[in-house]
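>
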Amino acid sequence: MKVYALKARSIGSQLHHFHSSCFREQITNSYDIEGLKKRALEPHPQNNTPSSIVDKVGRNLHRLPDHPLNIIKRRIENYCQDYAKKTYSMQEFAIFDDLSPIVTKRRCFDDLRVRPDHVSRSPSDTYYIDDEVLLRTHTSAHQTELIGSNTNLFLLSGDCFRRDEIDSCHYPVFHQMEGVKIFQDSELVAGDPEKSLEIIENDLKSLLTGLATHLFGDVEMRWRSDYFPFTDPSYELDVYYQGEWLEVLGSGVIHPEVIYNAGKEGAQGWAFGLGLERLCMVLFNIPDIRLFWTDDERFHKQFVGLSNDPKKVISFVPYSKYPFCYKDVSFWLPVVGGPASFHENDVFEVIRDVAGDLVEEVKLFDEFKNNRTGRTSHAYRISYRHMDRSLTNEEIDEIQFRLRDELVRRLGIELR
Ligand code: DAH
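Residues in the sequence shown are numbered consecutively from 1143, following our numbering.
Below you can see the structure in the form of structure tokens.
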């Protein structure tokens, strides 16, 4: 289970920043949500962001007191501040949790060395506002701007957006936390790059293993080499928890080119990033990612008071699972080479747009090609379930009919 699929997939803190010179931007820890939503809905040929996604901008679940995402965020922040006090001679992490999620392609991808042809950049995976501006796909999108403005030790959390499949651990909006430290010359060894690298890696690993212990208790851990375009070397940390190895975070030594792109050539440091939903789901036993978005008291009251208790682990008690109901839809894809291009994520998005959080899971369960006509057929099974009550047949039929119409209208498919 990967909530932040590590598919190496700026800061206009205020709207006018989109056009200002990046190194003079003042980084403000809050943004004009309404202005931003308006901006996100402006028509543009490259704008593929539906209003259902724009509606979620500014909900900032990670900032809501007693929300499980906020509880985990604060636990991580508190731990890191304690570590910093002990280890970095009283220096503190700067905390950002309200930077605008609308960033430039440059900050989100180019600055971080994500290849121009990498799938994470494509409109099938990313919500674009126009050809240059998009909804951040990860919190790493803020690295070069913050480093460029001499923010040398920071934690940054925020909502991230990816077009993705639909199941209990994928949701198009999720939350990540990023940590970065840029070292002072005095902390490294001049003229000895190997020793300096060792200092950076040891510090990164000791902070993060301490963090994992803080969150999970006394667990077994392992470091694995990984690849991210923005770090070298890159590592993933796994913990052994409740009988399973879990990937907890990605991290590494910041790539020199990323530092260069930030305008700080020659500086050195580490970075890490983690998915907050995933940590919460594991730690609090939350079975479905849609629950983070519910307004139901029966969910929220289970987390009240945990904020003040740095270690307490509770196990979420599901308030009865309401019955689910599934419906199938099958269709011929648009003709290859025809005017409409097709991606499975487009289907998921139409489904989310029409059915919202009532969809629990969508599976492509049949696919074949008719050799005579050359056309391909897809069949999807859609499981509907309300988190907080039972659904009626009429309700689902009505949604399913609308869904069929919208698939035809928006994707140019032919129902079978
Ligand atoms: N941005 C990565 C993702 O979304 C996570 C990540 C990995 C962040 C390694 C980092 C890092 O800062 O060093 O999958």
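We treat Cβ as the ideally placed atom computed from N, Cα and C, and that holds for glycine.
#1: What beta strand (DSSP E) runs, 3 residues minimum, are completely inside the stretch 1208-1269?
#2: So is the beta-carbon of Glu1320 under 7 Å away from any non-hydrogen atom of the ligand DAH?
#3: Tell me the DSSP secondary structure of Asn1202 in three-state form.
#4: Could you check whether Ser1393 and Leu1350 sit closer than 8 Å to each other, using their CB atoms as the reference points?
#5: Step through the CB atoms of chain D and report whether any lies within less than 8 Å of the CB of Gly1200.
#6: Could you name each continuous beta strand (DSSP E) segment of 3 residues or more that falls completely within the stretch 1291-1362, going from the start of the chain to the end?
#7: Three or more C-beta pairs under 8 Å: does that hold for the stretch 1268-1281 against the stretch 1382-1396?
#8: Report all residues from its chain with a CB closer than 8 Å to the CB of Pro1429; omit the five preceding and five following residues, and keep chain order.
#9: Does the distance from the C-beta atom of Ile1555 to that of Trp1474 stay below 8 Å?
#10: Please return the same chain residues whose Cβ sits closer than 6 Å to the Cβ of Thr1293, not counting the five positions on each side in sequence.
#11: Report yes if the CB atom of Glu1509 is closer than 8 Å to the CB atom of His1520, and no otherwise.
#12: Name the DSSP beta bridge partners of Glu1386, please?
#13: Got a sec, what are the start and stop residues for the beta strand (DSSP E) Tyr1402 sits in?
#14: Would the C-beta of Ser1264 count as close to the ligand DAH, meaning under 7 Å from any of its heavy atoms?
#15: Kindly confirm or deny that the stretch 1225-1240 and the stretch 1446-1457 touch, where touching means at least three C-beta pairs closer than 8 Å.
#16: Our contact map puts Phe1507 next to Leu1553 with C-beta atoms below 8 Å; I'd like the distance itself, whole angstroms only.
#17: Between the Cα of Ile1175 and those of His1284, Ile1244, Asp1539, spot the shortest distance and give me the residue it belongs to.
#18: Between the beta-carbon of Ile1396 and the beta-carbon of Phe1414, is there less than 8 Å?
#19: Here's a check: name, in chain order, each residue in its chain whose Cβ is nearer than 6 Å to the Cβ of Leu1277, leaving out the five neighbours to either side.
#20: Identify the residues that DSSP records as bridge partners of His1520: which are they?
#21: Is Thr1515 near the ligand DAH - that is, is its Cβ less than 7 Å away from at least one heavy atom of it?
#22: Less than 8 Å between the CB atoms is what I'm expecting for Asp1470 and Tyr1522, so what's the real figure, rounded?
#23: Please indicate yes or no: does the CB of His1280 lie closer than 7 Å to some heavy atom of the ligand DAH?
#24: Using three-state DSSP, classify Arg1166 as helix, strand or coil.
#25: Which same chain residues end up closer than 6 Å to Glu1548 when comparing Cβ atoms and leaving out the 5 residues on each side of it in sequence?
#26: May I ask you to check if the CB of Arg1409 is nearer than 7 Å to at least one heavy atom of the ligand DAH?
#27: Among residues of its own chain, excluding the 5 on either side of Phe1441, which ones have a beta-carbon nearer than 7 Å to its beta-carbon?
#28: Please check the pair Val1550 and Ile1308, which I expect to be a contact at CB under 8 Å, by giving their CB distance rounded to whole angstroms.
#29: Return yes when the C-beta of Phe1358 is under 7 Å from any heavy atom of the ligand DAH, and no when it is not.
#30: Would the beta-carbon of Ala1283 fall within 8 Å of that of Arg1249?
#31: Sorted by chain position, which residues of the same chain lie with C-beta nearer than 6 Å to Leu1566's C-beta, five sequence neighbours on each side aside?
#32: Answer with buried or exposed for Val1199, where buried requires no fewer than 16 other C-beta atoms within 10 angstroms of its C-beta.
#33: Going by beta-carbon coordinates alone, are His1312 and Ile1431 separated by less than 8 Å?
#34: Could you pull out every residue in the same chain whose Cβ sits closer than 6 Å to the Cβ of Asp1374, ignoring the five residues on either side in sequence?
According to the structure data:
#1: Along the length of the stretch 1208-1269, whole beta strand (DSSP E) runs at least 3 residues long occupy 1236-1238, 1244-1246, reported in chain order.
#2: yes
#3: In the three-state reduction of the DSSP assignment, Asn1202 falls in the coil class, being assigned neither a helical nor a strand state.
#4: yes
#5: The structure shown contains no chain D, having only a single protein chain.
#6: 1295-1303, 1315-1324
#7: A contact is defined here as three or more CB-CB pairs under 8 Å, and the stretch 1268-1281 fails this definition with respect to the stretch 1382-1396.
#8: Ser1310, Met1423, Phe1458, Pro1460
#9: Between Ile1555 and Trp1474, the C-beta gap is smaller than 8 Å, which places the two residues in contact.
#10: Ala1236
#11: The beta carbons of Glu1509 and His1520 sit closer together than 8 Å.
#12: Tyr1383
#13: That residue, Tyr1402, is in no beta strand (DSSP E); its alpha helix (DSSP H) goes 1398-1403.
#14: no
#15: No contact exists between the stretch 1225-1240 and the stretch 1446-1457.
#16: Contact between Phe1507 and Leu1553 fails: their C-beta atoms lie close to 18 Å from each other, not under 8 Å.
#17: Ile1244
#18: no
#19: Pro1243, Tyr1269, Phe1303
#20: Phe1473, Glu1509
#21: no
#22: With a beta-carbon spacing of about 7 Å, Asp1470 and Tyr1522 fall inside the 8 Å limit used to define contacts.
#23: yes
#24: In this prediction, Arg1166 scores a pLDDT of 35, lower than 50, which makes its location untrustworthy; the coordinate-derived value is nonetheless stated afterwards. In this structure, Arg1166 counts as helix in the three-state DSSP scheme.
#25: These residues qualify, in order along the chain: Val1492, Val1496.
#26: This sequence places Ala at residue 1409; Arg is not what is there. No, the beta carbon of Ala1409 sits no closer than 7 Å to any heavy atom of the ligand DAH.
#27: Leu1433
#28: Contact doesn't hold; Cβ gap of about 20 Å is too wide.
#29: For the ligand DAH, not one heavy atom lies less than 7 Å from the Cβ of Phe1358.
#30: yes
#31: Because the chain in this structure spans residues 1143 to 1558, residue 1566 falls outside the shown range and cannot be described.
#32: buried
#33: yes
#34: His1397.
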